[in-house]
Structure formats: structure tokens, C-alpha cells
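Asks: Chains as they are written, first to last, in numbering that gives the first Met the number 0: chain A, 0 to 219; chain B, 0 to 219. Provided herewith is a single structure, encoded as C-alpha cells, for subsequent inquiry.
Number of protein chains: 2
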Amino acid sequence: MAAAVDFYFDFSSPYGYFASTAIEALAAKYGRSVNWKPVLLGVLFKTSGAAPLTEVPLKGAYSRHDFERTARLHQIPFRLPQKFPVPTQAAMRAMLWTADAHGAARATALAHALFYALFVDGIDISAPDAVLQIGVSLGLDAQLLREGMDSDAVREQQKQENALAMQRGVFGAPFVIVDGEPFWGFDRFAQLEHFLAQTGAPAAPLTAERSASAPMLRKG
Amino acid sequence: MAAAVDFYFDFSSPYGYFASTAIEALAAKYGRSVNWKPVLLGVLFKTSGAAPLTEVPLKGAYSRHDFERTARLHQIPFRLPQKFPVPTQAAMRAMLWTADAHGAARATALAHALFYALFVDGIDISAPDAVLQIGVSLGLDAQLLREGMDSDAVREQQKQENALAMQRGVFGAPFVIVDGEPFWGFDRFAQLEHFLAQTGAPAAPLTAERSASAPMLRKG
């Protein structure tokens, strides 16, 4: 089995959201699983000196336009929330706890729901209560999730995940690393596919059995 | 005739060089001409607070890798010069003077030669003498070109072109504006093509006559 694709993202990045709608199918096409790795862009930006796209003069107006155009082109439902960007500590902690407590498949489902809440339904997921409600809607226990998000262990893990990402050279999001090869941005997914096609394991035919135990939903 | 494509670039940007190898064929495919518009990224970056890609921690190493990968993928000859990035005032002035004195076609030929000198032959085009030599190799008069590059008129025009670009929202390069629609980056050329295909005039068949008077080589 070829190595997994490491998929780094921040919940507040529209390009990360776009990438999240495509990464699983792309990886699966070349026999790869996906490791979903939430990070905090604010922490990463301290290293690279970057600022949120929409807050940069000129670039901000352009990026808002580009979000809409990119979503249209890829037919991804999208509406930039009124409050943007939003802090994503709560969302990231919820995902880390869910992965630890219930495995990667549940955590990935939560990630999709959080992205969708922010960029389709316009829900402010910076609020821990909003994150909790989304978790509950996916069958997670409200009390355990709340305690998990507030736990020292998860806070510590959050710091470590950001530090580890930076150690690997991740300076933005979405960011994919596969077989040591880095790809920054949803607009590198064509190059990512080219790379996977050249070096990835040939895609096995998707049988019912394989589909039922899809490795990308299992691996942590 | 549909409106021209405005193509903004800085001679020191590898992505601008990659774009320069593709923009004419892309525009011509949809019946458009190209206005070649050199700018100074250093001036634009003062507004947006950006820094040269390769000088940003982490992002610098990635971008060097991405330059090579992108060149390989598009089969564009490329070697990052040892001295990089380089100041491009002299190259920009030479192009402005050539456009004024000899028309857009000669200026475009000079632009291609300058990009090629920097990113294929590793020539330091920050040196006015290197720019002069390249101009002479294209049949330009050394004395007139030197005087033109040093003239107050061209220096003033250089300032104005940068200011006009910023007024239009250009904050990076390469940057294309067509029918008011902005596209930042060589990695938006697929979206640019999508846009041209939807809104551009249908491409006329390229006859020998039309080829000989290709509008993209004539318009200023």
C-alpha cells in the first residue's frame, strides 16, 4: 500500500475547503489514503510573516473575487461568511479529540461538516457552542466533546501538531505532502494529480469489499 | 475585435517567465491580442506588504522547488539564476523605450529575450550593459537604447506604469486583466482560458495573411 497523503488545512481557508471536497477522491484514484491534519494558519503565519489574504490591500479584494470564481468553476457550493476569517481553535480541537476518541473516519466526517457549516451555511464556527452542535448532529456526545475540546491533552496536541507541520515546511494551507513532495494550494491539485499518477501505486479497481473498508476512512 | 489581454509581469518572476511563454498563444486562440506591461514588483509589494517569495522563511524553499516542478511539467527550459531575485529597472526601461521607439512587436521580442537571458542563460539582467547587449543582439541601436533607458521621459513613464497598475488592482505578477476580469498567477491560466472561451470572440482561422499581421505583435 502506497503511503498516505498528508492533507494540512485550516478551517477558515476557502481554498482549504475547496481542497477538502476533492482530496479523498483524488487520493483514492491513485490508491492512497488521506491523513487529515488541521492546523492554525495564524500560528504558521507568525513564522512566514504572512497575513490573512483578505486583510491585505488589493490582494484582499482580488482573493474574495477568486474564491467565488474558483467555487463556480469547480461547482462547489460556497458563500463567504460575513465574519471572515474566523478563529478555528475550537474546530481544530474538536477534530483532534474526535480522531483520538472515535477514529479518523468520524473526525473526517466532522471536518466536512465544519467546513460546510462555515462556507455554505454561514455558521460562525469560532464559537465552541457552534462546533459542539455540529458534533452532536453527527452523533458525538456533547459532554465528552466539550470536555475533550477543553482538555489540556488536546490543547497540547494542538500546539504539537502546528509545530510538527512547521517542521515539515508547511507555511500555508491547504498544503499536501506525499512521499516527501510538497504542494501548496488548491491550485496545485493538478500538479498533485500528475505526481500521484507518476509515482503512486496504480489504482486498484474499487470493489464492494474495498469500498466498504476504504482505507482513507480508517487511517489516523 | 475583442479587447486586448493586459499582461503584467516583472522580469525577475519565474512565474512571469512561464506565463510569458504561454500568453500569446492562449490569447490568439481566442482572437485576442496581448498588451505586454512590465512592472516593478518591488514597487507593488510596498503597497501589499509582500516580500519576494524566495526570501520568505519556509515559503522560499518551497517556491524554489515549485519553480522547477512547474517548469518541468510545462516543459519550459528553466534554471534559477544564482543571483535571484534581481532588480529589473533597466530591463523594464529598455522595454518601455523600445515600445515607444520601435513599436510593441520589437518590445515583445526584447521581453522574450530578457526572460530567456535570465532564466535560461543565467545572465544578470540587472546590469544595464547586459540589457544593452541583448537589445543590440535584436538589432536595436546601442547608443539610442542607452540614452532611452537613461532618459527622464522613460523614468517618468516607468513610475506612471507602476502607479497605473496599482490603480487597477495589480498587486503581484504575473497578473492578467481582460474585460475587467483579474487573474493573478501563472496557476490561474486555466481559469483565464475558461474565461476567454466563455466571453472571448471566437478564434478566427489562422490564415497566412492573418498570421503575417498577427495583431498581438502590432498593438501597443
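Cβ coordinates follow ideal geometry from the N, Cα and C atoms, glycine included.
1) Any C-beta of chain E sitting closer than 7 angstroms to the C-beta of residue 186 (chain A)?
2) Can you tell which of B:18, B:197, B:156, B:35 has the C-alpha that lies nearest to the C-alpha of residue 107 (chain B)?
3) Please state if the CB of residue 185 (chain A) and the CB of residue 18 (chain A) are separated by a distance shorter than 7 angstroms.
4) Mind listing the chain B neighbours of residue 60 (chain A)? Cutoff is C-beta to C-beta under 7 angstroms, in chain order.
5) Counting only runs that start and end within the segment 144 to 182 of chain A, where is the beta strand (DSSP E) found for 3 or more residues in a row?
6) Taking the C-alpha atoms as reference points, what is the distance between residue 51 (chain B) and residue 60 (chain B)?
7) For the alpha helix (DSSP H) that residue 16 (chain A) lies in, which residues bound it at each end?
8) Select from the segment 31 to 53 of chain B all residues with a C-beta closer than 9 angstroms to any C-beta belonging to chain A, and list them in chain order.
9) I want to know whether the segment 3 to 16 of chain B touches the segment 176 to 194 of chain B - three or more CB-CB distances under 8 angstroms.
10) Starting from the C-beta of residue 110 (chain A), find all residues in its chain whose C-beta is less than 6 angstroms away, skip the five residues before and the five after it, and write them out in chain order.
11) Could I get the ranges of all uninterrupted alpha helix (DSSP H) runs contained in the segment 85 to 124 of chain B, with 4 residues as the minimum, in chain order?
12) If you compare alpha carbons, which of B:31, B:38, B:85 is closest to residue 159 (chain B)?
13) DSSP state of residue 128 (chain B), grouped into three classes?
14) Please identify, using Cβ separations under 8 angstroms, the residues of the segment 61 to 78 of chain B that lie next to chain A, in order along the chain.
15) Find the residues of chain A that neighbour residue 113 (chain B), judging by a C-beta separation of less than 8 angstroms, and give them in chain order.
16) Let me check understanding here. Comparing Cα to Cα, which of A:192, A:129, A:124 lies closest to residue 82 (chain A)?
17) Go ahead and pull the three-state DSSP assignment for residue 185 (chain A).
18) Within 10 angstroms of its Cβ, does residue 135 (chain A) collect 16 or more other Cβ (buried), or is it exposed?
19) For a contact meaning CB atoms closer than 7 angstroms, what does residue 183 (chain B) contact in chain A?
20) Note down the Cα distance separating residue 31 (chain B) from residue 77 (chain B), rounded to an integer number of angstroms.
21) So, are the CB atoms of residue 11 (chain B) and residue 87 (chain B) less than 7 angstroms apart?
22) Could you tell me whether the Cβ atoms of residue 113 (chain B) and residue 133 (chain B) are closer together than 7 angstroms?
23) Name the chain B residues whose beta carbon is nearer than 7 angstroms to that of residue 197 (chain A)?
24) Would you please verify whether the beta carbon of residue 131 (chain A) is less than 7 angstroms from any beta carbon of chain B?
25) Along the chain, where does the beta strand (DSSP E) containing residue 5 (chain B) start, and where does it finish?
26) Rank B:190, B:91, B:144 by C-alpha distance to the C-alpha of residue 157 (chain B) and give the top, closest one.
Replies: On the basis of the data shown:
1) Looking at the structure shown, chain E is missing, and the protein chains on hand are A and B.
2) B:35
3) yes
4) 168
5) 174 to 177
6) In a straight line, the C-alpha of residue 51 (chain B) is about 12 angstroms away from that of residue 60 (chain B).
7) 13 to 19
8) 43, 46, 47, 48, 49, 50
9) yes
10) Excluding residues up to 5 positions away in sequence, 35, 94 lie with their Cβ nearer than 6 angstroms to the Cβ of residue 110 (chain A) in the same chain.
11) If only uninterrupted alpha helix (DSSP H) runs of at least 4 residues are considered, those enclosed by the segment 85 to 124 of chain B are 88 to 101, 103 to 118.
12) B:38
13) helix
14) 61, 64, 65, 68, 69, 72
15) Going along chain A, no residue has its Cβ under 8 angstroms from residue 113 (chain B), so there is no contact; the nearest lies around 26 angstroms.
16) A:124
17) helix
18) Answer is exposed; the Cβ neighbour count stays below 16.
19) 61
20) Linking residue 31 (chain B) to residue 77 (chain B) through their CA atoms gives a straight-line distance of about 27 angstroms.
21) Cβ distance < 7 angstroms, so residue 11 (chain B) and residue 87 (chain B) count as in contact.
22) yes
23) By Cβ distance, chain B contributes nothing, its closest Cβ being about 10 angstroms from residue 197 (chain A), past 7 angstroms.
24) no
25) Taken as a continuous stretch (DSSP letters only), the beta strand (DSSP E) holding residue 5 (chain B) covers 4 to 8.
26) B:91
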